[in-house]
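So the structure is just underneath, and the comments pick up after that.
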Amino acid sequence: MTQNIAELFKDPEHVANYAERPRKIIPGFDGLHRIMAQLIREAAPDKVLVLGGGGGLELRTLIDALPEARYCAVDPSAEMIAQGKAYLHNPANVDWVEGLIFDAPSEPFDAATCMLTLHFVPDDGAKLATLKAVRARLKPGAPFFIAHLAVDKDAPGSDQRFERYLQFASDSQLDAETLEKAHGRVRTDLNCVGPERDETLLREAGFSGIELVFKGMYWCGWIAYA
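182 is the number of the first residue of the sequence shown in this note's numbering; add one for each residue after it.
Written out as structure tokens, the structure is:
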């Protein structure tokens, strides 16, 4: 994660408006979360690791689908964790960890998610290390649902793909100031890669049964198994 992004998720205004923003930039946002919860629910998990869960959006969907499960939400931003606690009314079945995946408990979890997070992590070994750390914390065969923006920044046509992504946000009435900032961040602060690279990283981290189960323009979601 770049310093700019780390600071962004500490910005009170950005954090306060977080709950509504993803719906304006991700085609099929609600459907993506329903698919995530459905596939995690197949495993009937008792303990679920939620990487990047500070905002509480995926936790809301998971708790609705699996109210008896216990969740460990990991996020590097104390401000996002505070927002998530407020959004969810600080439920008793969620444990919060301020930090990275390496700070999460090592106990084996029954399932894990990583929603709208990995595209912030550089592909300099950090993405793979993150995925390996998730895999190490899962029971054999446990499901892992991961979703994020999947655009190869170095590929021909990437500028057009980013412009389409931003145009969708504009057409969804994302406010002009946020949209202007997003234009400046997509290339400098996002560390997204193409979907083929994402799947290679999942395999290298030890996951199998990798299946693309969601695609909304350039946002992709996969289910994989430890």
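We put the beta carbon where it would ideally sit given N, CA and C, even for glycine. All values reported here derive from a predicted model rather than from experimental measurement.
A distance below 8 Å between beta-carbons, with the five flanking residues on each side excluded, links A331 to the following residues of its chain, in chain order: H300, C373, V374, G375, P376, D379, Y399, W400, C401. Under the DSSP definition of a beta bridge, S389 partners with Y406.
Cβ neighbours of G235 within its own chain (closer than 6 Å, five residues either side excluded): D256, S258, M261, I262, G265. With a minimum length of 3 residues, the unbroken runs of beta strand (DSSP E) contained wholly in the stretch 309-341 fall at 324-330. Minimum Cα-Cα distance from M217 among the listed residues L312, V302, A328, N274 corresponds to A328. A direct Cα-Cα distance of roughly 35 Å separates G280 from D352.
DSSP lists no bridge partner for T298. Contact between V231 and L240 holds: CB atoms are separated by about 6 Å, below the 8 Å threshold. Per DSSP, E279 is one residue of the beta strand (DSSP E) stretching across 275-279. Here D256 is bridged, per DSSP, to E279. When DSSP states are grouped into helix, strand and coil, A363 belongs to the helix group.
In the structure shown, the three-state DSSP call for G397 is strand. F388 counts as buried, since at least 16 other C-beta atoms from the protein chains shown sit within 10 angstroms of its C-beta.
Annotation: C295 to L393 spans about 14 Å, alpha carbon to alpha carbon. Contact between F395 and L213 is confirmed by a C-beta separation of about 5 Å, below the 8 Å threshold.
Bounds of the alpha helix (DSSP H) holding L243 are 238-246.
DSSP places L230 in the uninterrupted beta strand (DSSP E) bounded by 228-232. Linking K320 to A357 through their CA atoms gives a straight-line distance of about 45 Å. Going by beta carbons, P289 and Y406 fall outside the 8 Å limit.
Relative to the Cα of T369, the nearest Cα in the group L382, F343, A350, F349 belongs to F343.
Of the candidates K308, A292, Q341, Y268, K308 places its Cα closest to the Cα of F283. Restricting attention to H364, G338, A317, E223, the CA atom closest to the CA of I404 is found in E223.
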